[in-house]
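So the sequence shown is numbered by UniProt numbering: it starts at 1 and just counts up by one.
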Amino acid sequence: MKISYMHEFIALAENLNYSHTAEELFISQPALSRHITAIETDIGIQLLKRTKHSVELTPMGMIVVSEFKKIIEQYENLLTKATLLSSGFTGKLKVGMLYYASDEYITPIMRFFKEKYPNIELLISSYQPMQLIQDLLNDKIDVGLTLHEYFPHADRLIFHDIRSEKLAVIVSDKHPFFSKESVDVADLDEQLFIFLGDQEWHRFCVERLLTNHGIGLKHFTFTDQIDTVSFTIKETNGIFVVPHHLKSMSISNTAFLEINDSEFFIDMALAYKVTNNNAAIPLFINNVNKIF
1 MKISYMHEFI ALAENLNYSH TAEELFISQP ALSRHITAIE TDIGIQLLKR
51 TKHSVELTPM GMIVVSEFKK IIEQYENLLT KATLLSSGFT GKLKVGMLYY
101 ASDEYITPIM RFFKEKYPNI ELLISSYQPM QLIQDLLNDK IDVGLTLHEY
151 FPHADRLIFH DIRSEKLAVI VSDKHPFFSK ESVDVADLDE QLFIFLGDQE
201 WHRFCVERLL TNHGIGLKHF TFTDQIDTVS FTIKETNGIF VVPHHLKSMS
251 ISNTAFLEIN DSEFFIDMAL AYKVTNNNAA IPLFINNVNK IF
């Protein structure tokens, strides 16, 4: 059975219309019909219910769509591997990661990837989110582990979400929340929020989530960078909202409190530039999918 026939069947299953699917695939409707019939003959069971005006998947047809998608993904991975091997590929993949994300993300990714592709050298650099995005855009790195948030010129990048990560707050030992183990979203009303001054996504993200929960952002201040967060928390007695993986920051005389709301989260993603043709990028992303 041809891979192209599988692509055609998947497209027909999504459109449920022969003429639209044939037009989309730039083939004639009779040719599409022959190819679908050939698939049913090979498998030996009816996959579609046809009438004059509609097409409907049979239960087996639904199963076949799912299996064809898996086969195509495996086939495309095989082609990529074959290309790398035939060309003697021993290149480099420059990966950017966020500070403090190493243990939870990068370490398991590197271990898994290096076992499968020992000839691909991974070069890892640490970043703040805005700087990571800039280096992606400037082709200084190939792929970056970052937050799927608003960034300038993000339309030139592709974001591949890998996990939704709960948010938390960090407070000083002088803050009323210090003795708590967690906080509710309602507790955040009227609090003084601390934002990273050079990372505008930080304020946008928190303000959006608060607004979604009916809370206005009334009081806030800025800190220069991640290294000055500790000082600002203690100096202002404000709260600092962070992704859960920043628990590893371990700031002295502070408490790390989870926010009790499943909708208060941020998406972690792998990002890469649309025009970056490094053949190792799809391999890297496909393997990350197997970990998270």
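Glycine included, every Cβ here is placed at the ideal spot set by N, Cα and C.
- The shortest CA-to-CA distance from D155 to any of S66, I141, I133 is the one to I133.
- In the three-state reduction of the DSSP assignment, V274 falls in the coil class, being assigned neither a helical nor a strand state.
- In the three-state reduction of the DSSP assignment, D224 falls in the coil class, being assigned neither a helical nor a strand state.
- In this chain, the beta strand (DSSP E) harbouring E258 covers 254–259.
- Burial state of Y150 is exposed, judged by a 10 Å Cβ sphere holding fewer than 16 other Cβ atoms.
- Three or more Cβ pairs closer than 8 Å define a contact, and the stretch 268–276 meets that threshold against the stretch 137–145.
- I124 sits in a strand when the DSSP states are folded into three classes.
- For V143, the beta-bridge partners assigned by DSSP are V95, Y272.
- Using a C-beta cut-off of 8 Å, the stretch 93–103 makes no contact with the stretch 31–49, since fewer than three inter-stretch Cβ pairs fall below that distance.
- For I233, the enclosing alpha helix (DSSP H) covers residues 229–236.
- Collapsing the DSSP output to three states places K2 in coil.
- Taking C-alpha positions only, E181 is separated from N77 by approximately 45 Å.
- With contact defined as three or more Cβ pairs closer than 8 Å, the stretch 102–116 and the stretch 281–288 are in contact.
- For the options V169, T51, K218, the alpha carbon positioned closest to that of I251 is the one of V169.
- Look at the beta carbons and you see the stretch 188–196 touching the stretch 211–223: at least three pairs across the two are nearer than 8 Å.
- Excluding its 5 nearest sequence neighbours in each direction, E258 has C-beta neighbours in its own chain below 7 Å: K166, A168, S182, listed in chain order.
- It is roughly 15 Å from the alpha-carbon of L209 to the alpha-carbon of E200.
- V65 sits away from A11, with the two beta carbons spaced by 8 Å or more.
- Rounded to the nearest angstrom, the Cβ distance from N15 to E24 is 7 Å, consistent with a contact under 8 Å.
- Boundaries of the alpha helix (DSSP H) harbouring F204: 200–212, taken from the DSSP string.
- Excluding five sequence positions before and after Y105, the CB atoms of its chain that fall closer than 6 Å to its own CB belong to L145, given in chain order.
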